[in-house]
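Data first, discussion second: the structure below is written as structure tokens.
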Amino acid sequence: MKDLLATYYFRPKEGVDAAYAANAIREEQTTGTWTDLSTVNEETAYVHALDGSVEDLVELPDGGYLTKICFPHEIFEKGNIPQYLSVIAGNLFGLGKLEAVRLLDIDLPENLAGCGPKFGIDGIRKIVGTEVSCRPHIGTIIKPKVGLNPKDTAQVAYEAALGGLDLIKDDETLTNQTFCPLFDRLEAVMDALDRAKDETGKQVLYAVNVTTGGDRIVELAHKAVSAGANMLMVDVLTAGFSAIQALAEAPGINVPIHVHRTMHGALTRNPHHGIAMRPIAKLV
417 MKDLLATYYF
427 RPKEGVDAAY
437 AANAIREEQT
447 TGTWTDLSTV
457 NEETAYVHAL
467 DGSVEDLVEL
477 PDGGYLTKIC
487 FPHEIFEKGN
497 IPQYLSVIAG
507 NLFGLGKLEA
517 VRLLDIDLPE
527 NLAGCGPKFG
537 IDGIRKIVGT
547 EVSCRPHIGT
557 IIKPKVGLNP
567 KDTAQVAYEA
577 ALGGLDLIKD
587 DETLTNQTFC
597 PLFDRLEAVM
607 DALDRAKDET
617 GKQVLYAVNV
627 TTGGDRIVEL
637 AHKAVSAGAN
647 MLMVDVLTAG
657 FSAIQALAEA
667 PGINVPIHVH
677 RTMHGALTRN
687 PHHGIAMRPI
697 AKLV
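Counting from 1 along the sequence shown, just add 416 to a position and that's the residue number in the numbering used here.
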């Protein structure tokens with residue numbers, strides 16, 4: 417299948433037919449809008465090739481509905497994740513015909529998908545030495561989340577590494593503040609992890625948070641890798657999907673990237689409205 421299939425939960429307002437509401441979602445996110453269009457006529461009927469279709473509609477006990485909408489692959493610009501989101505998760509959240517609507521899942525065809533993670537689970541196992549055991553990986557976050565200086569941050573990382581962890585990461589709010597500058601922290605932590613490796617023989621990953629503006633993140637990541645970082649971390653929803661994509665595609669960024677979901681609750685917490693974590697994870 418070349419087209420993208422999106423699954424939505426929705427609850428129409430009182431008096432609004434469910435099939436009509438599902439079609440309104442399809443129209444709003446493809447070739448339609450809130451009113452008739454004089455620009456769509458016999459001469460421009462070719463635009464209907466991008467109409468998409470409502471593939472399924474199921475009523476639920478809570479008064480809501482599940483629907484699947486098929487979006488033609490031609491409506492997407494391949495590799496442009498922000499544009500994907502504008503299609504499958506755009507103005508539909510403001511439709512007046514709906515009390516609630518939630519994007520639950522997407523089936524992303526191979527022709528619209530990217531190349532995937534450079535490392536994946538198998539690649540991480542090679543780094544941390546779990547290829548034989550295949551046990552779950554164990555990680556921790558340095559706490560307190562902010563406030564420690566680089567020296568004390570490194571001490572926490574050292575003790576955690578001795579405890580047998582596979583991954584140590586910055587908190588999502590820790591980037592390059594003056595109380596704990598990124599490169600001072602990175603040097604101290606990597607030195608501490610080297611000491612721990614001398615004692616345990618085990619390689620531990622440190623996900624240093626390089627979240628910053630989109631115009632600076634690739635340069636910062638390159639500098640971090642050059643300074644010894646063996647893993648990077650990015651807050652995907654605050655930095656943006658494009659930031660992750662830029663790092664993943666950048667030559668020379670040859671370390672794993674840990675993606676943090678901070679701010680996701682604004683999208684995922686309401687079970688009837690917003691965007692579920694599953695489609696977010698698939699797009700990442």
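Virtual Cβ for every residue (Gly too), placed ideally from N, Cα, C.
Ignoring anything shorter than 3 residues or poking outside the region 457-485, list the beta strand (DSSP E) runs there in chain order.
469-475
Sorted by chain position, which residues of the same chain lie with C-beta nearer than 7 Å to Met606's C-beta, five sequence neighbours on each side aside?
Along the sequence shown, read from residue 1 onward, the residue named residue 606 stands at position 190. Cβ within range, chain order: Tyr622, Gly644.
Would you decide whether His676 is buried or exposed? Buried here means 16 or more other CB atoms lie within 10 Å of its CB.
Walking along the sequence shown from the start, residue 676 turns up at place 260. Buried, by the Cβ-count rule.
Kindly list the residues whose CB is nearer than 6 Å to the CB of Ile441, restricted to its own chain and excluding five residues on each side of it in sequence; keep chain order.
Position 25 of the sequence shown, counted from the first residue, corresponds to residue 441. Closer than 6 Å at the Cβ level, and outside the excluded window around Ile441, lie Leu508.
Any idea what DSSP makes of Asp607, helix, strand or coil?
Indexing the sequence shown from 1 puts residue 607 at position 191. Of the three classes helix, strand and coil, the one that applies to Asp607 here is helix, per DSSP.
Within 10 Å of its beta-carbon, does Pro560 have 16 or more other beta-carbons around it, so buried, or fewer, so exposed?
Looking up residue 560 in the sequence shown gives position 144. It counts as exposed.
Taking Leu528 as the reference, give the member of Gln593, Leu421, Tyr481, Glu430 with the closest Cα.
Looking up residue 528 in the sequence shown gives position 112. Out of Gln593, Leu421, Tyr481, Glu430, Leu421 has the C-alpha closest to the C-alpha of Leu528.
Looking only at its chain, what residues have a beta carbon closer than 8 Å to the beta carbon of Ile669, apart from the 5 residues adjacent to it on each side?
Numbered from its first residue, the sequence shown carries residue 669 at position 253. The residues are Val634, Ala637, His638, Val641, Leu648, Leu663.
Which word fits Asp614, buried or exposed, when buried means at least 16 other C-beta atoms lie within 10 angstroms of its C-beta?
Position 198 of the sequence shown, counting from 1, holds the residue named residue 614. Exposed is the call here.
Hey, Val650 and Thr684: beta-carbon distance below 8 Å or not?
Indexing the sequence shown from 1 puts residue 650 at position 234. Indexing the sequence shown from 1 puts residue 684 at position 268. No.
Would you mind sorting Lys585 into buried or exposed? The rule is 16 or more other CB atoms within 10 Å of its CB.
The residue given as residue 585 occupies position 169 in the sequence shown. Looking at its Cβ environment, which holds 16 or more other Cβ atoms inside 10 Å, Lys585 is buried.
For Thr423 and His674, what's the separation of their Cα atoms in angstroms?
Numbered from 1 along the sequence shown, position 7 holds the residue referred to as residue 423. Numbered from 1 along the sequence shown, position 258 holds the residue referred to as residue 674. Each residue's Cα considered, the two are about 27 Å apart.
How far does the beta strand (DSSP E) with Arg518 in it reach, from first residue to last?
Along the sequence shown, read from residue 1 onward, the residue named residue 518 stands at position 102. Per DSSP, the continuous beta strand (DSSP E) segment holding Arg518 begins and ends at 514-523.
Distance, Cα to Cα, Arg601 vs Phe492?
Translated into positions along the sequence shown, residue 601 becomes position 185. Translated into positions along the sequence shown, residue 492 becomes position 76. Looking at the two C-alpha atoms, the distance is approximately 41 Å.
Reducing DSSP to helix, strand and coil, say where Met679 ends up.
Within the sequence shown, the letter at position 263 stands for residue 679. Reduced to three states, the DSSP call for Met679 is coil.
Would you mind reading off the limits of the alpha helix (DSSP H) that contains Ala664?
Locating residue 664 in the sequence shown gives position 248, where the first residue counts as 1. Unbroken alpha helix (DSSP H) run through Ala664: 657-665.
How would you call Phe595, buried or exposed, if buried means at least 16 neighbouring beta carbons within 10 angstroms?
Walking along the sequence shown from the start, residue 595 turns up at place 179. Phe595 comes out exposed.
Can you tell me whether His674 is helix, strand or coil according to DSSP?
For the purposes of this step, residue 674 is taken as the residue at position 258 of the sequence shown. Reduced to three states, the DSSP call for His674 is strand.
What runs of the beta strand (DSSP E), each 3 residues or longer, lie entirely inside the region 572-636?
583-585, 621-625
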